[in-house]
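Here the structure is laid out as structure tokens; the discussion comes afterwards.
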Amino acid sequence: MNNIQQLQQKIADLTTQHRQQLQYQTTLFELRLHLIEIANLVPNGVWLTQLIVTSTLFTLKGQSLTYLLAVQYIEQLCQRPAIATCQLKSLQQKNANEFSFTLELDFKSLNEVTYE
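The number in this note's numbering is simply the position in the sequence shown, starting from 1, with 2 added.
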């Protein structure tokens with residue numbers, strides 16, 4: 003391989019590496035935005051106990067003081083423009099003043115989101 007071919011290969015390698023870094027940074031940025039959106043909607047009387055993230059799928063587990071608070075939080079979250087799909091997995095009463103819920107959210111890519 004001559005010097006020009008070596009340089010061309012190095013440029014190609016660096017370009018690939020740069021694209022991968024940009025994709026990683028974009029993914030982290032989107033993750034931060036999704037976490038902020040989830041957190042900003044949590045009302046008093048509702049708290050999140052677990053968050054599992056797999057690609058764009060978020061599994062949220064939480065608790066609330068009342069059934070209504072849990073339902074309102076879930077409805078608000080599911081209506082956000084960034085949410086592609088929203089699926090309530092469970093909503094159960096643990097005792098007189100405590101309800102637990104599990105929710106799966108699949109977020110759209112940022113270039114698919116339209117805010118009105």
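Think of the CB as a built atom: it goes at the ideal place given N, C-alpha and C, for glycine as much as any other residue. Predicted model only: the values in this text are computed from it and were never measured.
- Listed in chain order, the non-local C-beta contacts of F60 below 6 Å within the same chain comprise L107, local neighbours out to five positions each way being set aside.
- In the displayed model, K12 falls within a helix according to three-state DSSP.
- Uninterrupted beta strand (DSSP E) stretches at least 3 residues long and entirely within the region 20–102 occur at 48–56, 59–66 and 85–97, given in chain order.
- Non-local beta-carbon contacts of A86 in its own chain, meaning distances under 7 Å to residues more than five positions away in sequence, involve D108, F109 and K110 in chain order.
- Taking 8 Å as the cut-off, the Cβ atoms of T104 and K63 count as close.
- One Cα belongs to L43, the other to Q78, and the distance between them is close to 7 Å.
- Taking the C-beta atoms as reference points, S102 is found no nearer than 8 Å to Q89.
- Taking the CA atoms as reference points, W49 sits about 11 Å from E100.
- In this structure, Q65 is the residue among Q65, Q11 and K12 with its C-alpha nearest to the C-alpha of Q52.
- Within the same chain, and ignoring the five residues on either side of L33 in sequence, the residues whose Cβ sits closer than 8 Å to its Cβ are V55.
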